[in-house]
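A.B. asks: In UniProt numbering, the protein residues as written are 1 to 254.
Glycine is no exception: its CB is placed at the ideal position from the N, C-alpha and C atoms.
Dumping the structure here so I can ask a few things about it.
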């Protein structure tokens with residue numbers, strides 16, 4: 001590996017063969033987990049929640065962005081390729097096209113079935129996947145705020161749209177939360193990456209690392225809490241509808 005390797009960063013496994021560690025590192029699993037979490041968050045603010053659609057959209061984002069976009073980023077970087085030649089250019093393009101083919105095929109099916117509006121989000125996400133990772137248009141879209149839009153706000157809205165086939169003022173307002181979290185993550189990550197690349201072991205580097213851990217692990221943990229609470233509330237509603245309301249005890253519903 002060259003001096004620009006990111007194998008020494010916190011999210012890369014310390015065990016296993018080097019190629020395995022490189023592949024896991026390339027997926028940026030904690031940050032990918034944040035993106036998938038935002039999909040779940042957007043889904044859970046809908047009045048009616050379909051768990052199948054949450055699972056499908058989470059899978060779509062993991063394959064398209066978690067794998068496809070990160071492989072694209074490795075070959076699209078103009079200056080530094082931190083994961084080296086883990087895959088050849090031909091292999092990388094096969095992976096990218098396979099991931100996008102799978103994700104867009106599945107996404108289109110669910111869009112046509114439940115939420116045509118999802119197709120427009122898919123088009124925008126596809127644009128950013130190439131514009132951001134390949135630094136098109138002279139790198140104009142390779143900026144922190146565009147990352148926050150495509151990695152935070154749009155996944156949140158996609159989750160809501162697949163449940164409702166609409167975008168509301170409330171969903172737009174709440175999507176600013178994942179936007180800000182994503183912006184914080186990418187900004188701190190760039191500072192942390194530069195320090196690690198320079199083998200800096202200062203207190204500042206450890207603080208960056210701690211912040212990134214808190215952001216990613218905290219976001220993912222909060223998602224599981226949201227899912228648990230949502231499940232409990234759904235069970236309570238089902239119990240009320242099946243047993244209490246028929247008995248005239250509807251006041252227990254609240």
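DSSP on residue 16, reduced to helix/strand/coil?
C.D. replies: Three-state result, residue 16: coil.
A.B. asks: Looking only at its own chain, which residues have a Cβ that is under 6 Å from the Cβ of residue 215, when we skip the five neighbours before and after it?
C.D. replies: Cβ within range, chain order: 185.
A.B. asks: Over the uninterrupted alpha helix (DSSP H) stretch that includes residue 137, give me the two end residues.
C.D. replies: Its alpha helix (DSSP H) spans residues 136–139.
A.B. asks: Using the Cα positions of residue 17 and residue 70, report the straight-line distance between them to the nearest angstrom.
C.D. replies: So the two alpha carbons sit approximately 20 Å from each other.
A.B. asks: Use the C-beta contact count for residue 145: other C-beta atoms within 10 angstroms, 16 or more gives buried, fewer gives exposed.
C.D. replies: Exposed, since its Cβ has fewer than 16 Cβ neighbours within 10 Å.
A.B. asks: To the nearest angstrom, how far is the alpha carbon of residue 115 from that of residue 29?
C.D. replies: Each residue's Cα considered, the two are about 28 Å apart.
A.B. asks: Does the segment 32–39 come close enough to the segment 53–70 that 3 or more CB-CB pairs lie under 8 Å?
C.D. replies: At 8 Å Cβ cutoff, the stretches touch.
A.B. asks: Contact defined as beta carbons within less than 8 Å: I believe residue 73 pairs with residue 133. What is the distance between those atoms, to the nearest angstrom?
C.D. replies: So it is a contact: roughly 4 Å between Cβ atoms.
A.B. asks: Could you pull out every residue in the same chain whose Cβ sits closer than 6 Å to the Cβ of residue 147, ignoring the five residues on either side in sequence?
C.D. replies: The answer, listed in chain order, is 186.
A.B. asks: CB-CB under 7 Å to residue 45, same chain, minus the five flanking residues each way: which ones, in chain order?
C.D. replies: Here the set comprises 160, 171, 174.
A.B. asks: Within its chain, find whatever has a CB closer than 8 Å to the CB of residue 190; leave out the 5 residues flanking it on each side and keep chain order.
C.D. replies: Closer than 8 Å at the Cβ level, and outside the excluded window around residue 190, lie 144.
A.B. asks: DSSP state of residue 155, grouped into three classes?
C.D. replies: Three-state DSSP puts residue 155 in a helix.
A.B. asks: Can you give me the start and stop residues for the alpha helix (DSSP H) that residue 31 sits inside?
C.D. replies: Looking at the DSSP string, the run of the alpha helix (DSSP H) that includes residue 31 is 29–44.
A.B. asks: What's the gap between the Cα of residue 208 and the Cα of residue 107?
C.D. replies: Going from the Cα of residue 208 to the Cα of residue 107 covers about 36 Å.
A.B. asks: Taking only three categories from DSSP, how would you classify residue 70?
C.D. replies: Of the three classes helix, strand and coil, the one that applies to residue 70 here is helix, per DSSP.
A.B. asks: Could you tell me if residue 256 is buried or exposed, where buried requires 16 or more neighbouring beta carbons within 10 angstroms of its beta carbon?
C.D. replies: Lying outside 1 to 254, the shown extent of the chain, residue 256 is not represented and no answer is given.
A.B. asks: So, with DSSP's three-state summary, where would you put residue 84?
C.D. replies: Three-state result, residue 84: coil.
A.B. asks: In terms of alpha-carbon separation, which member of 109, 123, 155 lies closest to residue 66?
C.D. replies: Of the listed residues, the one whose Cα sits closest to residue 66 is 155.
A.B. asks: Can you grab the Cα-Cα spacing for the pair residue 193 / residue 95, in whole Å?
C.D. replies: The straight-line gap from Cα to Cα measures roughly 25 Å.
A.B. asks: Please classify residue 235 as buried or exposed, where buried requires at least 16 other C-beta atoms within 10 Å of its C-beta.
C.D. replies: By the 10 Å Cβ count, residue 235 comes out exposed.
A.B. asks: Helix, strand or coil: how does DSSP classify residue 192 here?
C.D. replies: In this structure, residue 192 counts as helix in the three-state DSSP scheme.
A.B. asks: Where residue 130 and residue 100 are concerned, what is the direct C-alpha to C-alpha distance, given to the nearest angstrom?
C.D. replies: In a straight line, the C-alpha of residue 130 is about 11 Å away from that of residue 100.
A.B. asks: What three-state label does DSSP hand residue 75 in the structure shown?
C.D. replies: Three-state result, residue 75: helix.
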